[in-house]
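Novice: One structure, pasted below without further comment.
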Amino acid sequence: MESTAMGQGSMTDIIAKPSVELMAITPNAEQVIELACRTCYLSFHRYNPPASTEELIKKIIRKKHHSVLEHAMATFRIKGGSRTFTHELVRHRLMSPSQESQRYVEYGKTRNFDVVLPPTIEKSEFKDRYLEMTAQCERFYNEMVKADIPKEDARYILP
Numbered sequence: 002m003e004s005t006a007m008g009q010g011s012m013t014d015i016i017a018k019p020s021v022e023l024m025a026i027t028p029n030a031e032q033v034i035e036l037a038c039r040t041c042y043l044s045f046h047r048y049n050p051p052a053s054t055e056e057l058i059k060k061i062i063r064k065k066h067h068s069v070l071e072h073a074m075a076t077f078r079i080k081g082g083s084r085t086f087t088h089e090l091v092r093h094r095l096m097s098p099s100q101e102s103q104r105y106v107e108y109g110k111t112r113n114f115d116v117v118l119p120p121t122i123e124k125s126e127f128k129d130r131y132l133e134m135t136a137q138c139e140r141f142y143n144e145m146v147k148a149d150i151p152k153e154d155a156r157y158i159l160p
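Numbered by my numbering, the letters in the sequence shown go through residues 2 to 160 in order.
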C-alpha cells in the first residue's frame with residue numbers, strides 16, 4: 002500500500018488495494034445442504050450423493066426454499082474496501098459480518114487510515130482535492146479524539 006504524508010500529523014494510505022481471503026468453508030457443502038433439506042421433508046431414503054444432490058439443490062432454489070442453503074457457510078476476510086462497499090455487503094441477510102471497529106481501533110496509533118481512491122476520481126482533475134479532503138477528515142478526526150470526543154462520534158467524519 003502506498004503511503005504519503007498529507008499535511009501535518011497525517012499518514013494516509015492513498016490507495017487501499019482490495020483483497021479477499023477465504024478463511025474457512027463448509028466441507029461437503031452440497032451434501033450438508035441436501036441433508037438439511039431432507040430433514041425438512043423427511044426424505045433421507047432418497048439420499049444418494051452425489052447423484053441426488055445437484056438436482057435437489059436446483060429444485061429447492063426453484064421452489065425458493067432458501068433457508069436450507071444457510072447451512073453451508075464460507076468465511077472471508079475482505080481488506081481494502083470502503084465503508085460504502087461494506088455497507089452494501091451487510092444488507093444481505095445471509096451473512097454474519099464482522100467489521101473492523103471504528104470505535105475500538107486507534108487510527109493513527111495502531112494503523113494508518115485507508116483511503117479508497119476510485120479509478121474515475123484517480124483519473125480526474127479532482128484527485129488532488131479528493132486526497133486533501135480525506136487528509137483534512139483524518140486531521141479533524143484526530144483533533145476531536147484528542148479533545149475527548151468519543152471515537153464512536155468522531156468517526157462520522159471519516160471517509
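Note that the Cβ used here is the ideal one computed from N, Cα and C, for glycine as well.
#1: Can you tell me where the beta strand (DSSP E) with residue 52 in it begins and where it stops?
#2: If I follow the unbroken beta strand (DSSP E) through residue 77, where does it start and stop?
#3: Three-state secondary structure (DSSP) at residue 148?
#4: Report, in whole angstroms, the separation of the C-beta atoms of residue 81 and residue 18, which I expect to be a contact under 8 Å.
#5: Who pairs with residue 25 in a beta bridge, going by DSSP?
#6: Per DSSP, residue 20 forms a beta bridge with which residues?
#7: Our contact map puts residue 36 next to residue 75 with C-beta atoms below 8 Å; I'd like the distance itself, whole angstroms only.
#8: Cα separation between residue 156 and residue 47?
#9: Restricting to Cα atoms, I'd like to know which of 101, 29 and 113 is closest to residue 51.
#10: Check for me: the alpha helix (DSSP H) holding residue 32 runs from which residue to which?
#11: Beta-carbon within less than 6 Å of residue 64's beta-carbon, same chain only, minus the 5 sequence neighbours each way: which residues are those?
#12: If you check the beta carbons only, do residue 62 and residue 38 fall under 8 Å apart?
#13: Nearest CA to the CA of residue 69: which residue from 78, 148, 79 and 54?
#14: Give me the residue from 26, 122, 79 and 42 with the minimum Cα distance to residue 71.
Specialist: Reading off the structure:
#1: Premise fails: residue 52 is in no beta strand (DSSP E) and is neither H nor E.
#2: Membership of residue 77 in the beta strand (DSSP E) is indicated by the continuous run 75-80.
#3: Coil.
#4: Separation of the CB atoms of residue 81 and residue 18 is rounded to 5 Å, and the pair is thereby assigned contact status at 8 Å.
#5: Beta-bridge analysis with DSSP links residue 25 to 76.
#6: Answer by DSSP bridge pairing, in chain order: 80.
#7: Residue 36 to residue 75, Cβ: 18 Å. No contact.
#8: For residue 156 and residue 47, the gap between their C-alpha atoms comes out near 54 Å.
#9: Of the candidates 101, 29 and 113, the residue whose Cα lies closest to the Cα of residue 51 is 29.
#10: Start and end: 30-42.
#11: Contacts found: none.
#12: Going by C-beta atoms, residue 62 is not nearer than 8 Å to residue 38.
#13: For residue 69, the nearest C-alpha among the options comes from 54.
#14: Closest by alpha carbon: 26.
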